[in-house]
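Remarks on the structure that follows.
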Amino acid sequence: MFALHIVRPRVRLRKIIDKMLRLESFYGGVYVHMLLTWQDITLLERST
Numbered sequence: 005m006f007a008l009h010i011v012r013p014r015v016r017l018r019k020i021i022d023k024m025l026r027l028e029s030f031y032g033g034v035y036v037h038m039l040l041t042w043q044d045i046t047l048l049e050r051s052t
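This is how it looks when you write it as structure tokens:
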């Protein structure tokens with residue numbers, strides 16, 4: 005019973021960390037995509 009009480013919060017913490025990492029990678033990907041798109045727009049404006 006006591007051991008089970010120790011294991012459970014660790015599993016919950018891992019789930020929270022996993023969710024945070026997934027969100028971070030998602031927002032990171034969106035940020036990189038926006039940055040690349042913005043670079044393309046500025047390059048297009050310079051060439052014309």
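Residue 5 is where the sequence shown starts when you use the numbering used here, and the numbers rise one by one after that.
Built from N, CA and C at the ideal position, the CB exists for glycine as well.
Note that the structure is a prediction, hence the values are computed from the model and not measured.
Here the alpha carbon of Lys-23 sits roughly 15 Å from the alpha carbon of Gly-33. Looking at the backbone, the Cα of Ile-45 and that of Pro-13 are separated by about 48 Å. Taking the Cα positions, Glu-49 is about 29 Å away from Phe-30.
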